[in-house]
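*Asks:* Have a look at the structure that comes next, please.
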Amino acid sequence: MLNKTYANKLCEIMVTNNLDAMMIGPSVDLEFLMKYSPQLDERFQALFFLSDKRYFYISPELTYEEIRDRLDNDVDIFKWGDHEGFVDAVVTAINRYKLVGKNIGVNNGISAINLIDIQERIDANFVNGHGPLEMLRVIKDESEIEKMREAAKLADEVMGETIGCIRPGMTERDIKQKIEELFMQKGADGVSFEPIIASGPNSSMPHYCEDSRVIQEKDIVVLDLGCKYKGYCSDTSRTVFVGGITDEEKEVYDIVLRANRAGEDTAKQGVKAEDVDKASRDIIKSEGYGQYFLNRTGHGIGISVHEAPYIRTGNKQILERGMAFSVEPGIYMQNRFGMRIEDIVVIGTDGPQVLNHFTKEIIVIK
């Protein structure tokens, strides 16, 4: 069964964006609307939601029973088998609901190759529906924020306990596994993304994805971690120092910390998203490190770890009460080192509410 509140809001968004229907494949969008998203595989399936609030579902035979249990009995489900392919089912449904020639939004749960197959058989205007769907959940209510608060609390606890375990001789993988174990012990649903543990020269890569390096007697370690709690995500980063810290490293850390605080202080109702980015970026630029600030200052977060609003140059979206996003400025000097400090901020009535409370003071592991 669809969440009626979200379905009504989606109708309003679709009318505003001149969309007659939305094709929503397995994704956080589908989970948000149905409290269900099937396991991803190559078989096409999607919820089609119409601007007049009607909807239907295209389902492989393999998931038909699950889908039937989740939708009202009068909702059409167009079932297809592996022996026949999915396109005929889509064509039948599109014709029955008179969507030929209409504007149909497509979410990021629909693969490009499946969309190409559909376009070969159906005369309709398929458009990018990702932005409108993100607007459906960009404002969090108090119950959602409360879940994010708990997720952030768990992330803070795991950050502290993990840092307390770091020693020379461990691998990045050892630290990553410790994070995952701690989250499960503390009752999280799981991690919200694969933890990033970037040590030494690897710390200059913001989205470093390996984990084999051994922690040295003198090292920098960037930890980026988060969990899901009752479906909602956390995400936080800290930079720590093993065996000591140089004057240059202290200087860079202080710049990143000031940039983080400037961004958080700017995050208020009525401010543009790009203004938060500018507040952080101006600090780093003024100190001569602008070329080493490689990433946007932040991204929205909720049931997805990356969603609107995006805190970046050029985004003039006005921040509103209930929006939640990261503030994570960094400095990344190739083949030398990098640093990042990240918290999640919620726009409140009286200013920014920072959900993460783990210390941002310099930590040197002896």
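The numbers in full-length UniProt numbering rise by one with no breaks, and the one at position 95 of the sequence shown is 95.
We put the CB at the ideal spot given by N, CA and C, even for glycine.
#1: In this structure, how does DSSP classify residue 50 when only helix, strand and coil are distinguished?
#2: In whole angstroms, what is the alpha-carbon distance linking residue 364 and residue 175?
#3: Beta-carbon within less than 7 Å of residue 229's beta-carbon, same chain only, minus the 5 sequence neighbours each way: which residues are those?
#4: Would you kindly work out how many angstroms separate the C-alpha atoms of residue 320 and residue 258, rounded to a whole number?
#5: Is residue 21 closer than 8 Å to residue 44 when the C-beta atoms are compared?
#6: Note down the Cα distance separating residue 60 from residue 312, rounded to an integer number of angstroms.
#7: May I ask you to list the residues that DSSP assigns as paired with residue 128?
#8: On the DSSP letters alone, give me the boundaries of the beta strand (DSSP E) that residue 238 sits inside.
#9: Taking the alpha-carbon positions, what's the residue 218 to residue 242 distance?
#10: Which residues in the same chain as residue 362 place their Cβ atom closer than 8 Å to its Cβ, once the five residues preceding and following it in sequence are excluded?
#11: Measuring alpha carbon to alpha carbon, tell me which of 305, 247 and 131 ends up nearest residue 192.
#12: Could you give the distance in angstroms between the alpha-carbon of residue 213 and the alpha-carbon of residue 294?
#13: Identify whether residue 332 lies in helix, strand or coil by the three-state DSSP scheme.
#14: Name the DSSP bridge partner or partners of residue 272?
#15: Considering residue 14, what are the terminal residues of the beta strand (DSSP E) in which it resides?
#16: On the criterion of 16 or more Cβ atoms from any shown chain inside 10 Å, does residue 98 qualify as buried, or is it exposed?
#17: Contact between the stretch 342 to 352 and the stretch 277 to 290: three or more CB pairs below 8 Å?
#18: Do residue 160 and residue 19 have their CB atoms nearer than 8 Å?
*Replies:* Reading from the atomic positions:
#1: DSSP places residue 50 in strand when its eight states are reduced to three.
#2: In a straight line, the C-alpha of residue 364 is about 17 Å away from that of residue 175.
#3: Closer than 7 Å at the Cβ level, and outside the excluded window around residue 229, lie 147, 150, 151, 154, 188 and 189.
#4: So the alpha carbons of these two residues sit roughly 24 Å apart.
#5: Not in contact: residue 44 and residue 21 (Cβ atoms no closer than 8 Å).
#6: One C-alpha to the other measures close to 40 Å.
#7: Partner(s): 106.
#8: Taken as a continuous stretch (DSSP letters only), the beta strand (DSSP E) holding residue 238 covers 236 to 242.
#9: Roughly 5 Å between the two C-alpha positions.
#10: Hits under 8 Å: 241, 245, 250 and 253.
#11: For residue 192, the closest of 305, 247 and 131 by C-alpha to C-alpha distance is 305.
#12: Using only the alpha carbons, I get a separation of about 23 Å.
#13: Three-state result, residue 332: strand.
#14: Answer is 318, bridged to residue 272.
#15: Unbroken run through residue 14 is the alpha helix (DSSP H), 4 to 16; no beta strand (DSSP E).
#16: Using a 10 angstroms sphere on the CB of residue 98, the tally of other CB atoms stays under 16, which defines it as exposed.
#17: No: fewer than three Cβ pairs fall under 8 Å.
#18: Against a cut-off of 8 Å, the Cβ pair of residue 19 and residue 160 comes out as no contact.
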